Each structure stands twice: as C-alpha cells, then as structure tokens.
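**Q** Have a look at this one.
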Amino acid sequence: MFIIIIIIIIIIIIIIIIIIIIIISIIIIISELNVEDCGTNTQLCNRNAVCKTMEGSSICICHPGYTGNGKICTDINECTTNVHNCDANAFCSNSEGSYNCTCSPGYTGNGTSCSGIYIICLLL
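In the working numbering, the protein residues as written are 1 to 124.
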C-alpha cells in the first residue's frame, strides 16, 4: 500500500511538472509574438510618418501637418482649410507639413499678430 501511494505521488509530481512546462512554453510563444515593434517590423512607414509600437503590433502615424494612414501621408493645406492662426491682416502660405503667416502690406508683426503702420506726414 505504501508503495502505491509513493507511485501516485510521483505521477502527480510528473503531471504538475508537465503542466508547468506547457504553461511556460505558451508564455514564451505569446511573448515572442508580441515583440513585433518598429525596429523589427517589416512594414514601411511614409517618410512623413512615425512608427508607434502598440500591444503586439505596430502602426504608422502621419506627422502633424499631414493626413493619411501612415503608409501614405499627404500635406494638409492649413491655409485653404482655415486651420491656421494667421492674423486677419496677414497672408497664409502653405509649406510642406506646415504654413507661414506674413503680415499684409501696411502692417507689421510676426504674422500671427499684425498691427497697422502709421505714417506721419510732416507738412512744411
């Protein structure tokens, strides 16, 4: 009887060890699947995008000033879409990924804030 109990205990220990090995193997396989990141990812992002590692995968995201899916990014024309902060007395000119504001003739400033230029004429 004592020998049968020892054999049953040994069988239970072997089963527990096998279960632990299976669990460890599953964890290793899952962790290897989740290591796909921007450094090892084969997908190519657009030159105007950045690769972001997400849980288990990575995605491309267009830079500010661009729109698209990350693999194709096109410039947003902030001037025609009215998403600029140019002064009402300034010209907006689109540039790649951005825009520039320039005060209109007769005004001075940095383009986002323009003031009228006052000309004082002296009569002699």
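C-beta atoms are modelled at their ideal positions from N, C-alpha and C, and glycine is treated no differently.
All values reported here derive from a predicted model rather than from experimental measurement.
Check the DSSP bridge columns for aspartate 75 and list the partner residues they point to.
**A** Tyr66
**Q** Can you list, in chain order, the residues of its chain whose CB lies under 6 angstroms from that of valine 83, leaving out five sequence neighbours each side?
**A** none
**Q** Put serine 93 into one of helix, strand or coil per three-state DSSP.
**A** strand
**Q** Is the CB of serine 58 under 8 angstroms away from at least one CB in chain D?
**A** No chain D appears in the structure shown, which is made up of a single protein chain.
**Q** Which class does serine 57 belong to by DSSP, given the choice of helix, strand or coil?
**A** strand
**Q** Does DSSP classify serine 115 as helix, strand or coil?
**A** In the structure shown, serine 115 sits in a strand (DSSP, three-state: E or B).
**Q** Bridge partners of asparagine 98, per DSSP?
**A** In the sequence under discussion, the amino acid at residue 98 is serine, which differs from the asparagine named in the question. DSSP lists Ser95 as partners of serine 98.
**Q** Measure the C-alpha to C-alpha separation of cysteine 51 and serine 98 and round it to an integer number of angstroms.
**A** Rounded to whole angstroms, the separation of the alpha carbons of serine 98 and cysteine 51 is 20 angstroms.
**Q** Here's the rule: buried if 16 or more other CB atoms are within 10 angstroms of the residue's CB, otherwise exposed. What is threonine 42?
**A** Confidence at threonine 42 is low in this model, with a pLDDT of 49, below 50, so the placement of that residue should be treated as unreliable; the coordinate-derived value is given next. Threonine 42 comes out exposed.
**Q** From isoleucine 59 to isoleucine 14, what does the alpha carbon distance come to, in whole angstroms?
**A** 44 angstroms
**Q** Between the Cα of glycine 70 and those of Asp87, Met54, Asn100, Asn48, spot the shortest distance and give me the residue it belongs to.
**A** Asn48
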